[in-house]
Amino acid sequence: MDARMWHNYCLLKAPEKPPPLTLKLAKSMSDEERAAYIDRLQRWLEHLYLLTPELEVICAAMTNVVRVNARKPPGTKDVIVLTGPNVIGKSSVMMRWGRDRYLEWTRFAPHDQYGYPIIQLSEDSEADLVPLAWMNLPADAVKGAFDREFLGCFGLSGQGRVDQLTHRAISAAARHQTRVLIVDDVHLLKTDWKGGRAVLDHLKHINTELGMIGATLILVGPNLVGGDIVCDPQIEGRLKLMKFPSYSKDNVDEMRRWQAVALQLEKKVLPYLPAGRRGMLFTQLAGELLYRTDGYLGDLAELVAAATLAAIEDGTNRILLRHLNGVRLSERAENIRRAPQTDGS
């Protein structure tokens, strides 16, 4: 993702929050008014984001590592790794965290005529300020593909000799005052072949070079624990491993934490469900929400959003089990739903 695309994402405004729905208003709405209200609410619900206490801890820890790395003398710095199951929401968390850091670091920077933050290199020379760079790795990525994606963060071409790409990328990061490089889908690095050692060595080299300019490398990917990257001795010694929270109905502490997540979501939708009451989700339906989503926060937000709209549309104005049953989620979630339940489940 090039710097200007990232900047534009960071400045996107979420849809405006609709006014609360009262029973009086719900009963007096025409079909057209109800449809318009539901459409407006749906737009807002599509941007729902759940920052659980566990995720707050992870985000605070990442911010602290970045801060400490920036203060240390030049040299190899700690690497952050965020991992968890596939499609559980790692990238969403990183994009929110990254956006917050980007806006913080560019708030007082000068901007060019197009609104992009800049660095004044001299009286007649300037460069884009890119404190945070985000790259998505392609499949089977090796050294050259990594560096080309890195250069692309700054809008630079990846053409040229492979042995020169790294130097150009690090020079660009220094010129644009990059503090953080986020590498998403890092599991796509090709480490399971005869050149895998060189790929891991390159990752270590990138971290060392970033450390020379006080920048932090953040690696994001699914199921990294026990894999080549996390277990590599050169990386492991500098690793700060962050694991995405999980929730199980068979663990009392995790179930309590799940209820807290359901309560957070309930507070967001309750103003639009005038017949709903406290406990509608986090006590009465918490188990069903966990069963349907397996603790995946994205699926949870989608499930509750769709059930909220259905409850308004049919005039119930509170979420019931049948509203949840009427929602079809991802195939991953639906496969769990279709699986036969055992006595201990």
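Read left to right, the sequence shown gives residues 57 to 401 (our numbering).
Ideal Cβ placement from N, Cα and C applies to all residues, glycine included.
None of these values were measured; they are calculated from a predicted model.
Between Leu106 and Gln320, the C-beta spacing is below 8 Å. Cβ neighbours of Arg204 within its own chain (closer than 6 Å, five residues either side excluded): Gly214. Your pair Leu297 and Val286 checks out as a contact, with CB atoms roughly 7 Å apart and the cut at 8 Å.
Rounded to whole angstroms, Ala59 and Thr349 show a C-alpha spacing of 34 Å. In the displayed model, Asn263 falls within a helix according to three-state DSSP. Boundaries for Met336: no alpha helix (DSSP H) harbours it, and the DSSP string shows neither H nor E there. Distance between Asp156 and Arg123, taken at the CA atoms: about 14 Å. Look at Lys296 here: in three-state DSSP terms it is strand. Annotation for Ser178: the continuous beta strand (DSSP E) segment containing it runs 174 to 178. Between Ala92 and Pro330, the gap from beta carbon to beta carbon reaches 8 Å or more. Excluding its 5 nearest sequence neighbours in each direction, Glu358 has C-beta neighbours in its own chain below 7 Å: Leu385, listed in chain order. Close CB contacts of Pro173 within its chain, under the 6 Å cut and outside five residues either way in sequence, are with Thr162, Ala165, His167, Leu185 (chain order).
Contact fails between the segment 139 to 147 and the segment 221 to 237, because fewer than three Cβ pairs, one in each stretch, are under 8 Å apart.
Under DSSP, no beta-bridge partner is assigned to Val360.
Under the DSSP definition of a beta bridge, Asp134 lacks any partner. Take Thr264, set aside five residues on each side of it, and the residues of its chain with a beta-carbon closer than 8 Å to its own are Gly131, Thr132, in chain order.
In terms of Cβ geometry, Ala228 and Leu259 do not form a close pair [threshold 8 Å]. Per DSSP, Glu88 is one residue of the alpha helix (DSSP H) stretching across 87 to 101. Exposed is the label assigned to Pro289, since fewer than 16 other Cβ atoms lie within 10 Å of its Cβ. Around Ile291, the same chain offers Val135, Leu256, Leu259, Lys260, Asn263, Ile285 as residues with beta carbons nearer than 8 Å, after the five sequence neighbours per side are excluded. Around the beta carbon of Asp240, a 10 Å sphere encloses 16 or more other beta carbons of the protein chains shown; the residue is thus reported as buried. For the pair of segments examined, the segment 330 to 346 was found to touch the segment 367 to 382: the number of CB pairs separated by less than 8 Å reaches three. Annotation for Met57: Trp190 place their beta carbon closer than 6 Å to its own, counting only its chain and skipping 5 residues before and after.
According to DSSP, Ser181 shares a beta bridge with Ser178. Taking all protein chains shown into account, Met151 has 16 or more neighbouring C-beta atoms within 10 Å of its C-beta and is therefore buried.
Here DSSP, grouped into helix, strand and coil, assigns Gly208 to helix. In the structure shown, the three-state DSSP call for Val198 is coil. Taking 8 Å as the cut-off, the Cβ atoms of Leu111 and Pro301 count as close.
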